[in-house]
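Working notes, structure below.
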Amino acid sequence: EALIDKHDEL
Amino acid sequence: MNIFRLLGDLSHLLAIIILLLKIWRTRSCAGVSGKSQILFALVFTTRYLDLFTNFISMYNSAMKLIYLVCSYATVFLMYFKFKATYDSNHDTFRMEFLVVPVGGLAFLVNHDFTPLEILWTFSIYLEAVAILPQLFMISKTGEAETITSHYLFALGSYRALYIVNWVFRFYTEGFFDLIAIVAGCVQTILYCDFFYLYITKVLKGKQLTLPA
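Pasting the structure below:
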């Protein structure tokens with residue numbers, strides 16, 4: 332889950 | 009997306025644009041560390057490889073592309089177009105002292121031992137310390153142009169706002185990424201001394217000079 336979320340941040 | 013992250017992104021964008029405009033309009037990159045700019049280009053390159061693997065939103069992809077293009081444009085202006093104005097005598101920080109340990113750490117401490125994940129981790133760690141050549145250069149010359157200090161303030165504010173964003177996300181979404189948080193805190197701490205000088209000097213209309 333964390334692996335998907337972080338691509339959201341710049 | 010929350011307001012802190014948006015403000016952080018905009019602050020980051022503002023910093024990048026301030027620097028590009030300063031170099032373009034004065035036709036000079038004096039006082040700017042080319043090594044920090046190369047490191048930032050490397051940070052964006054290794055982090056935004058996810059442009060090819062994860063589509064999040066138009067905003068996300070557009071910002072990533074803008075950061076990438078602007079950071080390469082800055083490096084190009086410094087090392088090619090306005091190379092004659094580049095202050096290489098004062099930009100003596102050794103990049104390998106940052107890249108090698110950060111690369112080693114990314115291999116050892118990461119979420120997942122895959123190439124993309126290691127590169128992402130590398131970019132997070134490298135970003136935390138990429139400003140050191142610039143701060144080192146200012147400490148060598150003892151001063152910074154006011155426009156350069158605005159650039160640094162916007163760049164430092166970006167990660168500070170991201171920390172607030174992470175606190176907010178933790179309480180509202182239960183999301184947290186320890187690697188990003190620890191590196192982001194280190195990054196922000198590096199700016200603290202500069203923030204102090206910025207508030208006590210630059211905001212009062214004086215040039216940023218270091219106490220002797």
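Residue numbers (my numbering), protein chains in the order written: chain A, 332 to 341; chain B, 9 to 220.
All residues carry an ideal CB built from backbone N, CA and C; glycine is no exception.
Counted within 10 angstroms of its Cβ, other Cβ atoms place residue i as buried (16 or more) or exposed
i              : result
Q195 (chain B) : buried
V40 (chain B)  : buried
L50 (chain B)  : buried
R33 (chain B)  : exposed
N173 (chain B) : buried
C37 (chain B)  : buried
A220 (chain B) : exposed
M145 (chain B) : buried
S147 (chain B) : exposed
R35 (chain B)  : exposed
T129 (chain B) : buried
V110 (chain B) : buried
L106 (chain B) : buried
K214 (chain B) : exposed
K91 (chain B)  : exposed
G192 (chain B) : buried
I132 (chain B) : buried
L341 (chain A) : buried
A152 (chain B) : buried
Own chain, CB closer than 7 Å to residue i, minus 5 neighbours either side, in chain order
i             : result
S44 (chain B) : A138, I139, P141, Q142
Y75 (chain B) : I24, F52
L57 (chain B) : L124, L127
F12 (chain B) : L169, V172, N173, F176
Cβ-based neighbour list, residue i, same chain, cut-off 8 Å, excluding 5 preceding and 5 following
i              : result
V83 (chain B)  : G42, Q45, I46, A49
F203 (chain B) : F161, G164
D99 (chain B)  : S41, G42, K43, P141, M145
T93 (chain B)  : R35, S36, C37, A38
H20 (chain B)  : Y75, A162, L163, Y166
Within-8 Å CB hit, residue i to chain A
i              : result
R13 (chain B)  : yes
N10 (chain B)  : no
N68 (chain B)  : yes
I64 (chain B)  : yes
M71 (chain B)  : yes
A49 (chain B)  : no
D58 (chain B)  : yes
F183 (chain B) : yes
Y199 (chain B) : no
G179 (chain B) : Residue identity differs from the one stated: residue 179 (chain B) is Tyr in this sequence, not Gly. It does not: the Cβ of Y179 (chain B) has no partner Cβ on chain A nearer than 8 Å.
A8 (chain B)   : Examination of residue 8 (chain B) is not possible in this model, given that chain B is present from 9 through 220 alone.
Y159 (chain B) : no
Y80 (chain B)  : no
H98 (chain B)  : no
Y75 (chain B)  : yes
From the options, residue whose alpha carbon lies closest to that of residue i
i              : options                        : result
M103 (chain B) : B:E135, B:E125, B:S79, B:H119  : B:E135
V190 (chain B) : B:R167, B:Y206, B:D201         : B:R167
T53 (chain B)  : B:M9, B:L124, B:K89, B:F63     : B:L124
V210 (chain B) : B:L160, B:T61, B:E181          : B:L160
D17 (chain B)  : B:A162, B:L205, B:M66, B:K214  : B:A162
D336 (chain A) : B:L186, B:H158, B:F115, B:L216 : B:L186
L188 (chain B) : B:N118, B:A70, B:Y199          : Note that residue 188 (chain B) is Ala in the sequence shown here, rather than Leu. Comparing Cα-Cα distances from A188 (chain B) to each of B:N118, B:A70, B:Y199, the minimum goes to B:N118.
N10 (chain B)  : B:Y179, B:C78, B:F121, B:F60   : B:Y179
H158 (chain B) : B:C78, B:S96, B:D95, B:L205    : B:L205
L216 (chain B) : B:F184, B:F183, B:T149         : B:T149
Closer than 8 Å to chain B by CB, residue i
i              : result
L334 (chain A) : For L334 (chain A), the predicted model reports a pLDDT of 49, less than 50, meaning its position is unreliable and no value from the coordinates is stated.
Sequence-distant residues of its chain with Cβ nearer than 6 Å to residue i (five each side left out)
i              : result
L85 (chain B)  : I31
I155 (chain B) : K30
Y199 (chain B) : G164
Practice task
May I have a chain-ordered list of the alpha helix (DSSP H) segments no shorter than 4 residues that lie completely inside the stretch 37-87 of chain B?
Solution key: Here the runs fully enclosed are 42-55, 66-84.
Practice task
Return the chain-ordered ranges of every alpha helix (DSSP H) run that is complete within the stretch 141-179 of chain B and spans a minimum of 4 residues.
Solution key: Segments of the alpha helix (DSSP H) lying fully in the stretch 141-179 of chain B: there are none.
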